[in-house]
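Below: one structure, written as structure tokens.
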Amino acid sequence: MAKLLIIEDDGELQQVLSATFNTEGYDLSYAFNGREGYEKMLAWQPDIVLLDLMMPVLNGVEVIKLVSTNTSLKDIPIIVMTGHSDKADMLEHSMKVEGVRAYLRKPFELNEVRSLVRRLLLQYPRVPVSVSEVAKGEVRLDTKFRTVWVSDRMVATLSPMKAQVLALLLGAKGPVKREKLLQAVWGDANSVPALEKTIQRLREDLGAEGRRLQTTPEGYEIVG
């Protein structure tokens with residue numbers, strides 16, 4: 390059963406699409422803004438995404454930028470849904486970014502979107518994400534199951550957001566600047582409070598090993 394994520398802030402259109410694809414036997418999930426949609430992509434790993442272009446919190450182009458830099462998401466086919474009032478340059482830019490396979494101009498026929506989803510699922514079958522790890526010293530993160538190990542002892546299971554932050558820290562040779570973390574995870578350099586809260590909770594999740602996550606003058610570093 391293919392997993393379809395619908396990211397759309399219009400509740401009525403969500404209901405119509407839900408009814409349409411429920412009868413087709415898809416496993417469905419929903420998001421009503423770009424931030425929620427990106428977080429669900431991380432957590433749920435859909436096989437295909439219907440993405441509205443103009444949305445609150447993060448717009449469709451911002452979501453696509455985040456997806457294109459994430460190795461676990463960038464092969465997911467994305468269908469952009471756009472209204473006539475959307476800016477042409479935004480649509481053109483979104484189509485140039487890796488991951489966008491097609492777009493639908495609103496209003497569209499339900500048969501059209503059904504056929505397009507079926508075609509793209511056949512054309513771009515997802516390769517299952519294999520178990521992979523990133524480590525520094527004695528600290529190791531299983532990126533598939535989001536489990537953290539220290540000296541071969543499991544110490545925590547993380548949320549998708551915290552796992553992404555930790556993966557960036559573990560993959561760096563030294564400290565990671567706040568700006569890099571903000572852009573890579575939140576897509577917004579102004580989300581400093583969210584980053585600080587995530588770091589705090591990550592330390593709490595690590596328990597006694599939280600001391601390994603150290604604050605530097607410009608960012609953060611994992612000391613293995």
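In our numbering, the protein residues as written are 390 to 613.
Note that CB positions come from ideal geometry on N, CA and C, so glycine has one too.
Next item on the list: Rounded to whole angstroms, what's the CA-CA distance from Ser580 to Lys586? Just pull it up for me.
Entry: As a first step, residue 580 is located in the sequence shown; it is residue number 191 there, counting from the start. As a first step, residue 586 is located in the sequence shown; it is residue number 197 there, counting from the start. Rounded to the nearest angstrom, the two C-alpha atoms are 10 Å apart.
Item checked: Same chain, Cβ closer than 8 Å to Ala583, neighbours up to 5 away in sequence not counted -> Position 194 of the sequence shown, counted from the first residue, corresponds to residue 583. Hits under 8 Å: Trp575.
Item checked: Backbone CA spacing between Leu393 and Val438 [nearest angstrom] -> Taking the first residue of the sequence shown as 1, we reach residue 393 at position 4. Taking the first residue of the sequence shown as 1, we reach residue 438 at position 49. Each residue's Cα considered, the two are about 6 Å apart.
Next item on the list: Return helix, strand or coil for Thr409, following the three-state DSSP convention.
Entry: As a position in the sequence shown, residue 409 is number 20, starting the count at 1. Looking at Thr409 - three-state DSSP - the assignment turns out to be helix.
Checklist line | Nonlocal neighbours in the same chain, by C-beta distance under 6 Å from Gly560, ignoring five residues either side | finding: For this step, residue 560 is matched to residue 171 along the sequence shown. Taken in chain order, the residues that qualify are Val523.
Item checked: Coil, strand or helix - Leu442 by DSSP -> For the purposes of this step, residue 442 is identified with residue 53 of the sequence shown, where counting begins at 1. The answer is coil: DSSP assigns Leu442 none of H, G, I, E or B.
Checklist line | Rounded straight-line distance, which links the Cα of Gly449 to that of Thr460 | finding: For the purposes of this step, residue 460 is identified with residue 71 of the sequence shown, where counting begins at 1. For the purposes of this step, residue 449 is identified with residue 60 of the sequence shown, where counting begins at 1. One C-alpha to the other measures close to 19 Å.
Notebook entry, point to check: From the DSSP output, which residues share a beta bridge with Tyr609?
Noted result: Residue 609 sits at position 220 when you count from the first residue of the sequence shown. Answer is Val565, Thr604.
Checklist line | Exposure of Met543, with buried meaning 16 or more beta-carbon neighbours within 10 Å | finding: In the sequence shown, residue 543 corresponds to position 154, counting from 1. Flag for Met543 reads exposed.
Item checked: Among Leu511, Asn411, Leu595, Thr471, nearest to Phe497 - alpha-carbon criterion -> Your numbering for residue 497 matches position 108 in the sequence shown. Selected option, being the one with the closest Cα: Thr471.
Check: Buried or exposed: Leu595, going by 16 or more other Cβ atoms within 10 Å of its Cβ?
Finding: As a working note, residue 595 is residue 206 in the sequence shown. Its Cβ being crowded by 16 or more others within 10 Å, Leu595 is buried.
Check: Would you say Ala432 and Ile396 are within 8 Å of each other, going by their C-beta atoms?
Finding: Here residue 432 refers to the residue found at position 43 when the sequence shown is read from its first residue. Here residue 396 refers to the residue found at position 7 when the sequence shown is read from its first residue. No, Cβ-Cβ distance for Ala432 and Ile396 is not below 8 Å.
Check: Residues in its own chain within less than 7 Å of Arg424 by CB, not counting five upstream and five downstream?
Finding: Your numbering for residue 424 matches position 35 in the sequence shown. Counting only Cβ-Cβ distances below 7 Å, and skipping sequence neighbours, we find Val446, Leu447.
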